[in-house]
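Colleague:
2 protein chains.
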Amino acid sequence: MSITIKQIAKHVGVSPATVSRVLSGRGAHLISEATRQRVWRAAEELDYHPNLAARSLVTGHTGIVALWMSELFTSFHARVVQLVEEHLHQQGYDTLIWCISRLSGTAWHGVGRVDGILVHEGAVYLQKVWKPLQRRGIPLVSMGAYALTDTDHVRIDLYQGATLAIRHLLEAGCRRIAYLVNAESRYVGEPRRDGYDRVMSAAGLLPEYIIATDQSRAESSLAVRRAVQEHGLPDGIFCHNDEMAIGAYHGLRLLGVHVPDDVAIVGCDGIEDTEYLDVPLTTIRQPLEEMCRLGVEFLQKRIAEPHIERQSALLRPALVVRASTQRR
Amino acid sequence: MSITIKQIAKHVGVSPATVSRVLSGRGAHLISEATRQRVWRAAEELDYHPNLAARSLVTGHTGIVALWMSELFTSFHARVVQLVEEHLHQQGYDTLIWCISRLSGTAWHGVGRVDGILVHEGAVYLQKVWKPLQRRGIPLVSMGAYALTDTDHVRIDLYQGATLAIRHLLEAGCRRIAYLVNAESRYVGEPRRDGYDRVMSAAGLLPEYIIATDQSRAESSLAVRRAVQEHGLPDGIFCHNDEMAIGAYHGLRLLGVHVPDDVAIVGCDGIEDTEYLDVPLTTIRQPLEEMCRLGVEFLQKRIAEPHIERQSALLRPALVVRASTQRR
DNA sequence: ATACTGTATGCAAACGTTTGCATTAAAGCG
DNA sequence: CGCTTTAATGCAAACGTTTGCATACAGTAT
Numbered sequence: 006m007s008i009t010i011k012q013i014a015k016h017v018g019v020s021p022a023t024v025s026r027v028l029s030g031r032g033a034h035l036i037s038e039a040t041r042q043r044v045w046r047a048a049e050e051l052d053y054h055p056n057l058a059a060r061s062l063v064t065g066h067t068g069i070v071a072l073w074m075s076e077l078f079t080s081f082h083a084r085v086v087q088l089v090e091e092h093l094h095q096q097g098y099d100t101l102i103w104c105i106s107r108l109s110g111t112a113w114h115g116v117g118r119v120d121g122i123l124v125h126e127g128a129v130y131l132q133k134v135w136k137p138l139q140r141r142g143i144p145l146v147s148m149g150a151y152a153l154t155d156t157d158h159v160r161i162d163l164y165q166g167a168t169l170a171i172r173h174l175l176e177a178g179c180r181r182i183a184y185l186v187n188a189e190s191r192y193v194g195e196p197r198r199d200g201y202d203r204v205m206s207a208a209g210l211l212p213e214y215i216i217a218t219d220q221s222r223a224e225s226s227l228a229v230r231r232a233v234q235e236h237g238l239p240d241g242i243f244c245h246n247d248e249m250a251i252g253a254y255h256g257l258r259l260l261g262v263h264v265p266d267d268v269a270i271v272g273c274d275g276i277e278d279t280e281y282l283d284v285p286l287t288t289i290r291q292p293l294e295e296m297c298r299l300g301v302e303f304l305q306k307r308i309a310e311p312h313i314e315r316q317s318a319l320l321r322p323a324l325v326v327r328a329s330t331q332r333r
Numbered sequence: 006m007s008i009t010i011k012q013i014a015k016h017v018g019v020s021p022a023t024v025s026r027v028l029s030g031r032g033a034h035l036i037s038e039a040t041r042q043r044v045w046r047a048a049e050e051l052d053y054h055p056n057l058a059a060r061s062l063v064t065g066h067t068g069i070v071a072l073w074m075s076e077l078f079t080s081f082h083a084r085v086v087q088l089v090e091e092h093l094h095q096q097g098y099d100t101l102i103w104c105i106s107r108l109s110g111t112a113w114h115g116v117g118r119v120d121g122i123l124v125h126e127g128a129v130y131l132q133k134v135w136k137p138l139q140r141r142g143i144p145l146v147s148m149g150a151y152a153l154t155d156t157d158h159v160r161i162d163l164y165q166g167a168t169l170a171i172r173h174l175l176e177a178g179c180r181r182i183a184y185l186v187n188a189e190s191r192y193v194g195e196p197r198r199d200g201y202d203r204v205m206s207a208a209g210l211l212p213e214y215i216i217a218t219d220q221s222r223a224e225s226s227l228a229v230r231r232a233v234q235e236h237g238l239p240d241g242i243f244c245h246n247d248e249m250a251i252g253a254y255h256g257l258r259l260l261g262v263h264v265p266d267d268v269a270i271v272g273c274d275g276i277e278d279t280e281y282l283d284v285p286l287t288t289i290r291q292p293l294e295e296m297c298r299l300g301v302e303f304l305q306k307r308i309a310e311p312h313i314e315r316q317s318a319l320l321r322p323a324l325v326v327r328a329s330t331q332r333r
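Keeping their order, the protein sequence lines are chains G and Z. Position in the first sequence (first residue = 1) + 5 = the numbering used here. Position in the second sequence (first residue = 1) + 5 = the numbering used here.
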């Protein structure tokens, strides 16, 4: 049995109300310095810890925020978790993590215990479940390239990122540029694909060398090799993410193709991994720090004032040039 | 204002107790099929969601487990989070994540809201805070190579892993084997170091080529280059983890040294990243799946029965041979 | 002296569940 | 028909906080 506020009250000789005001901090200024001291000492002495469930019951909030991650595979995801957790912690929140890739409906169970939800790349899942969430009035902020824009959101402009990538490849002298895409992504709005289409068309080139595959490295490697055999060698590849770029590089290497001189490669996301390949890969870096910072900030404001108007931000990724596009 | 159990009770024409028994599932068998149906329908109709704080207050448990991660940098960490979250979810728990690398005392705030704690690689931090946790009787399971063995734990035998690595290097013909170690780790018990010492000594070799550095790739790369300049080229390097192995490989490559023929490399952990380097790296893979599965299992048992005797497991890592040790 | 300010505290009613015990009704049994 | 068992439900007291309102007391101005 844990120590309660009443026991402290008895021990000090004051009412539970007084103890609560001191220990919760919510009414500490009403209490005299003297009793405040005595209460703190007693609390320490008896090793008191507040019952957070009881507190939540009456205050109506929990101090917990849920983070919905589309996946948890790469260092990219780890970084998102780390950044969000850090910011939330700083604001006094604990972070509850749910991986929504398994798409189970049971995730619902825990919704009631959070003050708000941060979603990373959850468009597909969110579309299904957003209505009921909205009905319950749960603060929600959507983040990432596939942020749901019906809510507060921090979106990363990967359309713009893609244009950076393709233009960069064009400047490097590429003319037959392929787009290596995650097959699942074809059905949701695909900003990278749009960027590829537009910039290629604008340059008078055909945006039709599409390689669709699973998003693992192994599959990407295989897909690239197959594509080369069937449709011939491209002179540049723009990849849906860095994982797939690593796969592409790997596949080309198995074919004895030289990167960047035969084929230049650009990835997406900006994970550290690609910097340490023999040919470090050029990439489109997502501004994760700012995304997470803003996401937490938006959520916090929404929790404090539920009726403010929609908050949103559009962040621009940056081109990071490395060896994989620097041709002779 | 949310729907409560009382409103459902009124709506159906039964007592709150009955509604509770049906909806919580804890006394459903006592209630007639007919009323059960009516209660469920009303709950659905009114869009009822239980107030979890109230429930926790009376039941005394929350359905939340905390996961303490030493760090959240690499895909290795992402995988641990993913596996733990998945297993916990399957057992009906939500996962609260805390990154303890920042070492702030404020982490204490949230302890009261969890049914138990899973710690990954937390020896250093845990030693400081374990006593008070123990006093409060919070179920805790420690996992990883640096698991605290004073509690329930799932330890990964990296001493044994290191012996595998060093023996493998010896068999590959290496004689001057260096150990690249995370400088921070020198002060806690370091099983990898022990393995290096013992196997080297047993082979009549001097275990004294130690390169201590920061654990980032960049620092490792630099440290290796410096070490080579100062102490000459080793013919094998055993690395504290895969990140550092990547750095080491990178450093050697900058020096124009050939891997594996001039220097063979073995890493630790078994992350996917090292498989896609130009020279895929041999590594000591940690059995993360089993570690996480057992960790959750132990914790669950401890929560169910606090007084069972200490549970522990010692898991063996496996040698994964790749190109970085296959010499001509 | 009275009235009026604060300041410091206590009282007691919430918050929404769960659950031990009591109660009722129905059914089984001799 | 009375007596015992069993099944289905209700009553009311917890669980540990917070907080609006009331109170008590001091000090100060009238």
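Just so it is clear, CB atoms sit at the ideal spot from N, CA and C, and this is done for glycine as well. No experiment lies behind these values; they were computed from the predicted model shown.
Looking at the structure shown, is V70 (chain Z) part of a helix, part of a strand, or coil, going by DSSP?
Modeller: strand
Colleague: Using only alpha-carbon positions, find the residue among G:L77, G:M74, G:E76, G:L57 that is nearest to G68 (chain G).
Modeller: G:L57
Colleague: Can you tell me the Cβ-Cβ gap for P322 (chain Z) and P292 (chain Z), rounded? I've got them flagged as a contact below 8 Å.
Modeller: 7 Å
Colleague: Could you check how far apart the C-beta atoms of G300 (chain Z) and V89 (chain Z) are, in whole angstroms? I think they sit under 8 Å.
Modeller: Between G300 (chain Z) and V89 (chain Z) the beta-carbon gap is near 7 Å, inside 8 Å, which marks them as a contact.
Colleague: Whole-angstrom Cβ separation of I102 (chain G) and M74 (chain G), contact assumed at under 8 Å?
Modeller: 7 Å
Colleague: Just to confirm the assignment, what range does the beta strand (DSSP E) spanning H158 (chain G) have?
Modeller: 157-161
Colleague: Where do the ends of the alpha helix (DSSP H) carrying G252 (chain G) lie?
Modeller: G252 (chain G) -> alpha helix (DSSP H) spans 247-259.
Colleague: List, in chain order, every chain Z residue whose beta-carbon is nearer than 9 Å to that of V124 (chain G).
Modeller: Going along chain Z, no residue has its Cβ under 9 Å from V124 (chain G), so there is no contact; the nearest lies around 15 Å.
Colleague: Check the DSSP bridge columns for Y184 (chain G) and list the partner residues they point to.
Modeller: Y184 (chain G) pairs with G:I215, G:F243.
Colleague: Output the distance between the C-alpha atoms of D162 (chain Z) and V326 (chain Z), rounded to the nearest integer angstrom.
Modeller: 18 Å
Colleague: Per DSSP, what kind of secondary structure is G18 (chain Z) in: helix, strand or coil?
Modeller: In this structure, G18 (chain Z) counts as coil in the three-state DSSP scheme.
Colleague: Verify the CB distance criterion: does L227 (chain G) have a CB-CB separation below 9 Å to chain Z?
Modeller: no
Colleague: Are Y164 (chain G) and I242 (chain G) close, meaning C-beta to C-beta below 9 Å?
Modeller: no
Colleague: Whose Cβ in chain G lies nearer than 7 Å to the Cβ of Y164 (chain Z)?
Modeller: None at all; the shortest Cβ gap to chain G is about 27 Å.
Colleague: Any contact of the stretch 197-204 of chain G with the stretch 166-181 of chain G, i.e. 3+ C-beta pairs under 8 Å?
Modeller: yes
Colleague: Of all Cβ atoms in chain G, is any one closer than 9 Å to the Cβ of E277 (chain Z)?
Modeller: For E277 (chain Z), the nearest CB of chain G lies under 9 Å from its own CB, placing it at the interface with that chain.
Colleague: In chain G, what lies closer than 9 Å to R159 (chain Z) by C-beta?
Modeller: As written in the sequence, residue 159 (chain Z) is Val, which differs from the Arg given in the question. Near V159 (chain Z) there are no residues of chain G at all, since even the closest Cβ is about 20 Å away, more than 9 Å.
Colleague: With a threshold of 9 Å between beta carbons, is E91 (chain Z) in contact with chain G?
Modeller: yes
Colleague: Out of Z:E310, Z:Q234, Z:A71, which has the shortest C-alpha to C-alpha gap to H125 (chain Z)?
Modeller: Z:A71
Colleague: Taking the alpha-carbon positions, what's the V17 (chain G) to G166 (chain Z) distance?
Modeller: 56 Å
Colleague: Which two residues bound the contiguous alpha helix (DSSP H) that contains S226 (chain G)?
Modeller: 222-236
Colleague: My assumption, with CB atoms under 8 Å, is that Q4 (chain Z) sits in contact with Q305 (chain Z). Please give the rounded CB distance.
Modeller: Lying before the first or after the last residue shown, residue 4 (chain Z) is absent from chain Z, which here runs from 6 to 333.
Colleague: I'd like to know whether the C-beta atoms of H82 (chain Z) and S7 (chain Z) end up nearer to each other than 9 Å.
Modeller: No, these two residues do not count as a Cβ contact at 9 Å.
Colleague: When DSSP labels each residue in this structure, what does M6 (chain Z) get in the three-state scheme?
Modeller: coil
Colleague: Between G:H255, G:C297, G:R298, which lies nearest to T279 (chain Z) when the distance is taken from Cα to Cα?
Modeller: G:H255
Colleague: What number of angstroms, rounded off, separates the C-alpha of D247 (chain Z) from the C-alpha of R84 (chain Z)?
Modeller: 14 Å
Colleague: On the DSSP bridge list, what partners appear for A323 (chain Z)?
Modeller: Z:R290
Colleague: Just to confirm before moving on: does the CB-CB distance between Y281 (chain Z) and L282 (chain G) stay below 9 Å?
Modeller: yes
Colleague: So, is Q220 (chain Z) buried or exposed, given that buried needs 16 or more other C-beta atoms within 10 angstroms?
Modeller: Burial call: buried.
Colleague: Grab the span of the alpha helix (DSSP H) containing L51 (chain Z) for me, first residue to last.
Modeller: 38-51
Colleague: Where I289 (chain G) and H236 (chain G) are concerned, what is the direct C-alpha to C-alpha distance, given to the nearest angstrom?
Modeller: 26 Å
Colleague: Determine the contact status of V146 (chain G) and F303 (chain G), defining contact as a CB-CB distance below 9 Å.
Modeller: yes
Colleague: When the Cα atoms are used, what is the spatial distance from R26 (chain Z) to G65 (chain G)?
Modeller: 24 Å
Colleague: How is the beta strand (DSSP E) around H125 (chain G) delimited, first residue to last?
Modeller: 121-125
Colleague: Using the C-alpha atoms, what's the distance from L153 (chain Z) back to V86 (chain G)?
Modeller: Rounded to whole angstroms, the gap between the alpha carbons of V86 (chain G) and L153 (chain Z) is 25 Å.
Colleague: Only counting the same chain, and skipping five residues up and downstream in sequence, which positions put a Cβ closer than 6 Å to that of T287 (chain Z)?
Modeller: V271, V326, R327, S329, T330
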